[in-house]
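Read the structure below first, then the notes.
Numbering (this note's numbering), first residue to last: 2 to 347.
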């Protein structure tokens with residue numbers, strides 16, 4: 002399921018014509034939250050929520066012309082999969098669920114507050130919220146978070162995702178990852194300690210100003226050791242968020258289906274509203290068919306958000322109603338193909 006391509010944020014920009022599907026009504030009380038029904042205007046979705054709603058229920062139908070790389074939080078790298086990851090993997094900190102610049106702010110998620118940082122900027126101490134649970138009802142502990150982070154070191158088993166944490170936390174230990182850890186509890190990474198079930202401490206070798214952003218990556222989320230299945234974990238990952246993946250919910254190349262996590266408590270989560278009862282992602286190899294379904298309303302959103310194809314673009318530009326519900330935003334993403342310059346052409 003791991004592809005050779007990556008969609009990454011870059012200095013360059015790409016322009017794509019996107020179609021905005023209406024996914025619910027709005028009321029007068031919603032008027033300050035974003036654009037209401039009707040023409041959305043240029044770049045509207047970059048700074049506000051188009052057609053906002055606080056209604057609960059129903060099914061959100063997503064589509065993608067690209068398969069997910071992995072539903073294992075430590076193996077995912079695609080931007081749209083990171084968005085999906087927020088549905089079932091919480092971290093100590095995460096990005097605020099807000100459009101525009103407000104969405105770049107890190108806020109506490111599993112952590113009860115911002116970390117206590119030592120004067121020398123080398124020690125970060127987090128306290129966890131009370132009442133946070135896994136989808137099976139077990140409490141989420143600091144040891145779960147440490148174990149989840151340790152999996153990033155196991156590149157021989159868990160491959161494909163970001164590997165920035167070892168560069169900051171390994172500090173010459175050459176930690177092999179939990180699968181080869183000789184400690185009885187498999188929690189042998191020395192730079193991360195768990196004094197109790199609600200406290201986790203990170204000790205850096207030198208100050209690193211972007212450390213909290215590394216903790217907001219999916220691979221920094223918790224994983225319960227008893228439910229870890231190694232390279233197969235992405236087929237049925239444990240859920241700490243409002244949605245969960247039941248066994249069989251991930252069908253490579255075809256679909257991913259989310260249902261509500263009965264043990265998620267809104268009172269512990271200030272980031273996610275979890276409005277739909279279910280979320281379905283349909284994966285297709287026919288981008289034109291995906292565009293058609295977005296336009297006719299049988300699909301709600303292109304999860305990859307890379308813009309419509311030429312055929313749909315022509316249709317949209319020739320129809321004033323469709324045109325009023327479309328946009329051509331400039332984003333911070335660039336799709337590229339990496340070339341191995343040291344290898345002779347075939």
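Cβ coordinates follow ideal geometry from the N, Cα and C atoms, glycine included.
Give the C-beta separation of residue i and residue j to the nearest angstrom, bearing in mind that I take them to be a contact with Cβ-Cβ under 8 Å.
i: residue 216; j: residue 92; result: 6 Å
i: residue 242; j: residue 89; result: 4 Å
i: residue 127; j: residue 112; result: 5 Å
Rounding to the nearest angstrom, what Cα-Cα distance links residue i and residue j in this structure?
i: residue 251; j: residue 97; result: 27 Å
i: residue 34; j: residue 100; result: For residue 34, the pLDDT reaches just 42, beneath the cut-off of 50, and the residue's location in the model is therefore unreliable, although a value from the coordinates is still provided. Computed Cα separation, rounded: 10 Å.
i: residue 87; j: residue 269; result: 15 Å
i: residue 169; j: residue 209; result: 8 Å
i: residue 327; j: residue 312; result: 14 Å
i: residue 246; j: residue 285; result: 20 Å
i: residue 185; j: residue 117; result: 29 Å
i: residue 227; j: residue 157; result: 20 Å
i: residue 174; j: residue 187; result: 15 Å
i: residue 1; j: residue 81; result: There is simply no residue 1 to check, as the chain begins at 2 and stops at 347 in what is shown.
i: residue 129; j: residue 223; result: 12 Å
i: residue 57; j: residue 235; result: 28 Å
i: residue 318; j: residue 48; result: 23 Å
i: residue 322; j: residue 287; result: 25 Å
i: residue 69; j: residue 220; result: 16 Å
i: residue 178; j: residue 225; result: 15 Å
i: residue 273; j: residue 301; result: 19 Å
i: residue 195; j: residue 203; result: 9 Å
i: residue 244; j: residue 237; result: 12 Å
i: residue 83; j: residue 218; result: 8 Å
i: residue 248; j: residue 233; result: 12 Å
i: residue 150; j: residue 289; result: 39 Å
Just grab the DSSP bridge partners of residue i for me.
i: residue 64; result: 283, 303
i: residue 183; result: None, per the DSSP bridge assignment.
i: residue 261; result: 244
i: residue 117; result: 126
i: residue 251; result: 257
i: residue 112; result: 129
i: residue 96; result: 107
i: residue 204; result: 124
i: residue 197; result: 200
i: residue 134; result: 140
Going by the CB atoms, is the gap between residue j and residue i shorter than 9 Å?
i: residue 110; j: residue 263; result: no
i: residue 267; j: residue 275; result: yes
i: residue 148; j: residue 229; result: yes
i: residue 213; j: residue 122; result: no
i: residue 282; j: residue 260; result: no
i: residue 95; j: residue 107; result: yes
i: residue 155; j: residue 180; result: yes
i: residue 192; j: residue 171; result: yes
i: residue 66; j: residue 307; result: yes
i: residue 253; j: residue 46; result: no
Closer than 9 Å, CB to CB, is residue i near chain B or not?
i: residue 246; result: Note that chain B does not occur in the displayed structure, where there is just one protein chain.
- Message: Contact between the segment 67–78 and the segment 150–162 is defined here as three or more beta-carbon pairs at a separation below 8 Å; is this criterion met?
- Response: The segment 67–78 is in contact with the segment 150–162.
- Task: Spell out a yes or no on whether the segment 289–308 and the segment 61–71 are touching, meaning 3 or more CB-CB pairs, one atom from each, closer than 8 Å.
- Result: Using a Cβ-Cβ distance cut-off of 8 Å, the segment 289–308 and the segment 61–71 are in contact, since at least three pairs of beta carbons, one from each stretch, lie closer than that value.
- Item | Three CB pairs or more closer than 8 Å across the segment 141–154 and the segment 192–205 | The answer is yes - the segment 192–205 touches the segment 141–154, with three or more Cβ pairs under 8 Å.
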